[in-house]
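Chemist: Residue numbers (this note's numbering), protein chains in the order written: chain A, 1 to 258; chain B, 1001 to 1258.
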């Protein structure tokens, strides 16, 4: 495959890559995003999906995972200087490659009788990606996000998701008011107010989970239209990290269904 | 209280602050660390603990939380320019203040019959802090870390811990070989190999949890001296984030003890 050296940060390909990494609006306009690291790239290729271009460094090119990638990817590989690469990657040179892919389109219609995780204005990319990873592990297939939630296809969320994105049905920028009334299954929201214990719920049938914003928690609309549950905290902390709270709920569901 | 404007990045107080934020060795040598954000500072002050100095910006000084802090803290407040503050803080200007505190010393002797969480070479500060927060919420009082684990008193771990540190008994840089044989209670380690289900364990009595490195998992020594348990993952993912896995284990313990 062609190996091409790029040296200038003003090269159009580099500018394009930087735009995709840094700007949500540019990603949407171009219909593309960036996978960081060989783990994500391999997970993507193993789903028979296409990479448009790979960017790496001369040193990283020797990494066994990049050799594995080159068995599955036959397009161009662009070699950057260490400093240019470090400047572009959100994690510096820790991850061995950056790959441009087309944004997947969700073709499936939302199903109102399946286990679903709703992320309501969750802002931290790490929390969002981790929740996707936990949902995929717990066997929850549908993910809905509202407007204020971090863009699921940003490089940081993709990285925290560790490939979970690729097996999920994802619906972004959904209005809660549009979908919540249509679900015919129980809807739960985590909240420390007016709640019953998570462990008192029967979670053996399909259900919907709403996880709210890190600071404010769930919206009034969500609280009014869902059963509020709380995770008992004998240590008396005021709250858990939202990715933790969500995962504890999802795995309590797994436990009850074994 | 005295309000002092500092403008130069070469001011000795700024150099000292930067050293504490960026260098683990400097923190140890000085016996101090830095709390970022008003939430952590208030949690610290509410435990009747002392802040040595507060750094903020003119704009952030108007923040209601900083006014609350000034009711409890009567030492010097140093005002930095926005750009200098942004350059120092690991989160830019998102958090309204930086506070220097003395590193707490753990005076208690380790108890070998109490619930304990052991972090074995966990490297990501976010994971470490989140696990401390979950442990505190789950009522686990003792935390042990091995050498490769991120320094618990670094600003990033403190921030992810959201104040959990202040109520825990913490033992850092412990050799697993020194402590594991002394525990008289069950010791569990999460692992996807040679494991039984988490949900098949009786967790009603005190126990020890070992969480291993993000990439490599637990050490051979840990696996040889603990009962390996796995979290069932019907979605078939290869692994959960370590902070999630640890928290799911700790809250399964909470559930069984209710």
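Glycine included, every Cβ here is placed at the ideal spot set by N, Cα and C.
Which one or two residues does DSSP pair with residue 154 of chain A in a beta bridge?
Modeler: Paired residue(s): none; residue 154 of chain A is not in a bridge.
Chemist: If you reduce the DSSP assignment to three classes, tell me which class residue 136 of chain A lands in.
Modeler: Residue 136 of chain A falls in the helix class under three-state DSSP.
Chemist: With residue 1174 of chain B and residue 1152 of chain B assumed to form a contact (beta carbons below 8 Å), what rounded beta-carbon distance in angstroms separates them?
Modeler: No, residue 1174 of chain B and residue 1152 of chain B are not in contact; Cβ-Cβ is about 12 Å, not under 8 Å.
Chemist: Please list the partners that residue 1199 of chain B has in chain A, where partner means a Cβ-to-Cβ separation under 7 Å.
Modeler: The contacting residues are 255, 258.
Chemist: Determine the DSSP secondary structure at residue 244 of chain A, reduced to helix, strand or coil.
Modeler: It is helical.
Chemist: Quick check: residue 76 of chain A and residue 4 of chain A, are their CB atoms within less than 7 Å of each other?
Modeler: Yes, Cβ-Cβ distance for residue 76 of chain A and residue 4 of chain A is below 7 Å.
Chemist: What are the residues in the stretch 1208-1239 of chain B lying within 7 Å of chain A by C-beta distance?
Modeler: Residues 1231, 1232, 1233, 1234, 1235, 1237.
Chemist: Kindly list the residues whose CB is nearer than 6 Å to the CB of residue 142 of chain A, restricted to its own chain and excluding five residues on each side of it in sequence; keep chain order.
Modeler: If we look at residue 142 of chain A and ignore the five residues flanking it on each side, its Cβ neighbours are 114, 116, 169.
Chemist: When you compare each of A:183, A:227, A:106 to residue 172 of chain A by their alpha carbons, which one comes out closest?
Modeler: For residue 172 of chain A, the nearest C-alpha among the options comes from A:106.
Chemist: Please state whether the Cβ-Cβ distance between residue 33 of chain A and residue 103 of chain A is less than 7 Å.
Modeler: Cβ distance < 7 Å, so residue 33 of chain A and residue 103 of chain A count as in contact.
Chemist: May I have the straight-line CA-CA distance separating residue 228 of chain A from residue 220 of chain A, to the nearest angstrom?
Modeler: Taking the straight line from one Cα to the other gives about 11 Å.
Chemist: Given a threshold of 16 other Cβ atoms within 10 Å of its Cβ, counted over all protein chains shown, does residue 233 of chain A qualify as buried or as exposed?
Modeler: Answer is buried; the Cβ neighbour count reaches 16.
Chemist: Quick one: measure Cβ to Cβ for residue 1098 of chain B and residue 1055 of chain B, integer angstroms, because I've assumed they're closer than 8 Å.
Modeler: Correct: roughly 4 Å between the Cβ atoms.
Chemist: With distances taken from CA atoms, which of A:207, A:192, A:59 is nearest residue 182 of chain A?
Modeler: Ranking the options by Cα distance to residue 182 of chain A, first place goes to A:207.
Chemist: For a contact defined as C-beta to C-beta under 8 Å, what are the partners of residue 1134 of chain B on chain A?
Modeler: Under the 8 Å cutoff, chain A gives 240, 241, 244.
Chemist: What are the residues of the stretch 27-56 of chain A that lie near chain B, defined by any Cβ-Cβ distance shorter than 8 Å?
Modeler: Listed in sequence order: no entries.
Chemist: Out of B:1186, B:1236, B:1235, B:1255, state which residue places its alpha-carbon closest to the alpha-carbon of residue 1226 of chain B.
Modeler: Taking only the C-alpha atoms, the option nearest residue 1226 of chain B is B:1186.
Chemist: Judging by CA-CA distance, which residue of A:57, A:58, A:40, A:59 is the nearest neighbour of residue 50 of chain A?
Modeler: Minimum Cα distance to residue 50 of chain A is reached at A:40.
Chemist: Which runs of the alpha helix (DSSP H) at least 4 residues long sit entirely within the stretch 70-117 of chain A? Give them in chain order.
Modeler: The qualifying runs are 82-88.
Chemist: Alpha carbon to alpha carbon, how far is residue 1014 of chain B from residue 1070 of chain B?
Modeler: About 21 Å.
Chemist: Our contact map puts residue 1135 of chain B next to residue 1191 of chain B with C-beta atoms below 8 Å; I'd like the distance itself, whole angstroms only.
Modeler: Between residue 1191 of chain B and residue 1135 of chain B the Cβ distance is about 19 Å, and since that is not below 8 Å, they are no contact.
Chemist: Could you tell me whether any Cβ in chain A is nearer than 7 Å to the Cβ of residue 968 of chain B?
Modeler: For chain B, the structure presents residues 1001 to 1258; residue 968 of chain B sits outside this window and is missing.
Chemist: Compute the beta-carbon to beta-carbon distance between residue 1096 of chain B and residue 1060 of chain B, rounded to the nearest angstrom, for a pair I have assumed lies under 8 Å.
Modeler: Indeed they touch by this definition, with Cβ atoms about 4 Å apart.
Chemist: Between residue 130 of chain A and chain B, is the shortest Cβ-Cβ distance under 7 Å, so that the two count as touching?
Modeler: At least one chain B Cβ lies under 7 Å of residue 130 of chain A.
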